[in-house]
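Structure first, commentary second.
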Amino acid sequence: MSNDPLLDTCTTREAAVLLGVSLRTAQLWVEEGALRAWKTPGGHRRIIRSSVDDLLRSRGAVFPKQKYEILAVEDEPILRRLYQAKLGAVAEANLRVAENGYEGLMRIGEQRPDLLITDLMMPGMDGFELLRTLREMPDLASMRIIVVTSLDDDEIAARGGLPQGVALFHKPVSLPQLLQLVEAYREIANPARAMP
């Protein structure tokens, strides 16, 4: 698991929305070096999220004291990158990722998330064991949990099922539906943080 800030990126359009400027202005800021970015092999810009935050700070933007904390535990690199790109930018949340249940528990110990999104089948500590461990911790009872898995309902039941209140999505995940649920959870947690 890399903590490389280059992996925490957004598109030029997402950066423009975050900065409250036009797409062209965001493009010009990249060209002028005000925003750090790189290009994909297909020629699309990826703007380093920390440079957007730095520019917001320099322009006097006020940051909320507490963002909605999301932890995504997923062993598939493609899904981790998808979560970073979509959940971090669209939900305007503080998103962290982990590759397996053990690493997920470590991240939860560092900072308790408002929402946990986890796979079930992972190497090492799988999602079932992660959920059982979390349910033994009463101080985490209010944490929302979403499971995204390739297992069908019968396979999940054969492994002991899911705890009550856990939302379930099957892979391939419908990203619009997942984002809608994340936003609903975020709004319930703090209506003032809801997207306009």
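Numbering (the working numbering), first residue to last: 2 to 197. From the three backbone atoms N, C-alpha and C, an ideal C-beta is built for every residue, glycine too.
Rounded to whole angstroms, how far is the Cβ of residue i from the Cβ of residue j, which I believe are closer than 8 Å?
{"i": "Ile189", "j": "Phe170", "result": "Not really, about 18 Å apart at Cβ, beyond 8 Å."}
{"i": "Asp9", "j": "Gln85", "result": "6 Å"}
{"i": "Val74", "j": "Thr41", "result": "Rounded, the Cβ-Cβ distance is 26 Å, inconsistent with contact."}
{"i": "Asp115", "j": "Glu70", "result": "5 Å"}
{"i": "Leu132", "j": "Leu180", "result": "Actually they are not in contact, since the Cβ atoms of Leu132 and Leu180 sit about 22 Å apart, beyond 8 Å."}
{"i": "Leu72", "j": "Gly105", "result": "6 Å"}
{"i": "Arg145", "j": "Tyr186", "result": "5 Å"}
On the three-state DSSP scale, how would you describe residue i?
{"i": "Lys40", "result": "strand"}
{"i": "Val74", "result": "strand"}
{"i": "Arg47", "result": "strand"}
{"i": "Thr26", "result": "helix"}
Given residue i, which residues of its chain have a CB within under 8 Å of its CB, disregarding the five upstream and five downstream residues?
{"i": "Leu36", "result": "Ala16, Ala27, Trp30, Ile48, Ile49, Ser52, Val53, Leu56"}
{"i": "Asn101", "result": "Val74, Asp76, Met123, Pro124, Gly125, Met126, Asp127"}
Taking residue i as part of the alpha helix (DSSP H), name the residues at either end of that continuous run.
{"i": "Arg145", "result": "Premise fails: Arg145 lies in the beta strand (DSSP E), 145–150, not in any alpha helix (DSSP H)."}
{"i": "Pro98", "result": "Just to set this straight, residue 98 is Val in the shown sequence, not Pro. First-last for Val98: 95–99, but that is the beta strand (DSSP E), not the alpha helix (DSSP H)."}
{"i": "Tyr103", "result": "102–111"}
{"i": "Arg14", "result": "13–20"}
Go through its chain and collect everything with a Cβ distance to residue i's Cβ below 6 Å, but skip five positions before and after it.
{"i": "Val174", "result": "Val149"}
{"i": "Ser151", "result": "Lys172"}
{"i": "Gly89", "result": "Leu96"}
{"i": "Glu130", "result": "Gly102"}
Please list, in chain order, all residues of the same chain as residue i whose beta carbon is under 7 Å from its beta carbon, the five residues on each side excluded.
{"i": "Arg136", "result": "Pro164"}
{"i": "Leu20", "result": "Ala27, Val53, Leu56, Leu57"}
{"i": "Glu38", "result": "One detail in the question is off: residue 38 reads as Ala in this sequence, not Glu. Counting only Cβ-Cβ distances below 7 Å, and skipping sequence neighbours, we find Val31, Arg46, Arg47, Ile48, Ile49."}
Output the residue ranges of the alpha helix (DSSP H) runs that lie fully inside the stretch 118–195 and measure 4 residues or longer, sorted by chain position.
Here the runs fully enclosed are 128–136, 154–159, 176–190.
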